[in-house]
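Asker:
Residue numbers (this note's numbering): 8 to 117.
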């Protein structure tokens, strides 16, 4: 039997299987403000599974580090509240989610 579908412990996480959703930058945050919205919460919630791990998309850590219109941020209270909806949706299904933090450096459009 393949180990792909067998449980594994990664740090403090007990994953039900070894399949991880990799980060995909979808550019679907709400404007203005690069706020993660209901569409993003639905997207991650639909893909969550008990004991599964998702790595959320590249998310800017500063207004000065923005690179693409529509990429979500996590540097304002509204953005944090948006990500809370997403983590709540994933946790409601028993899943885990990590955030890929991002600063585009010289590529910034600011």
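Even glycine gets a Cβ: it sits at the ideal position worked out from N, Cα and C. Since this is a predicted model, take the numbers as computed values, not measurements.
With 16 other CB atoms within 10 Å as the buried threshold, where does residue 41 fall?
Answerer: buried
Asker: Could you tell me the alpha carbon to alpha carbon distance between residue 15 and residue 56, rounded to whole angstroms?
Answerer: 15 Å
Asker: What is the residue span of the alpha helix (DSSP H) that residue 104 lies within?
Answerer: Not the alpha helix (DSSP H): residue 104 falls in the beta strand (DSSP E), residues 103 to 109.
Asker: Mark residue 49 as exposed unless 16 or more other C-beta atoms lie within 10 angstroms of its C-beta, in which case mark it buried.
Answerer: exposed
Asker: Are the beta-carbon atoms of residue 59 and residue 24 separated by less than 9 Å?
Answerer: yes
Asker: Spatial neighbours of residue 114 within its chain, please: C-beta separation below 7 Å, excluding the five flanking residues on both sides.
Answerer: Answer for residue 114: 74, listed in chain order.
Asker: Cβ atoms of residue 52 and residue 19: under 9 Å apart, would you say?
Answerer: no
Asker: Quick check: what's the CA-CA separation for residue 102 versus residue 10?
Answerer: 19 Å
Asker: Skipping 5 residues on each side, what residues in its chain have a beta carbon closer than 7 Å to that of residue 65?
Answerer: 30, 32, 78, 107, 109
Asker: My assumption, with CB atoms under 8 Å, is that residue 62 sits in contact with residue 27. Please give the rounded CB distance.
Answerer: 7 Å
Asker: Using a Cβ-Cβ cut-off of 6 Å (strictly less than) and excluding sequence neighbours within five positions of residue 105, which residues of its own chain qualify?
Answerer: 62
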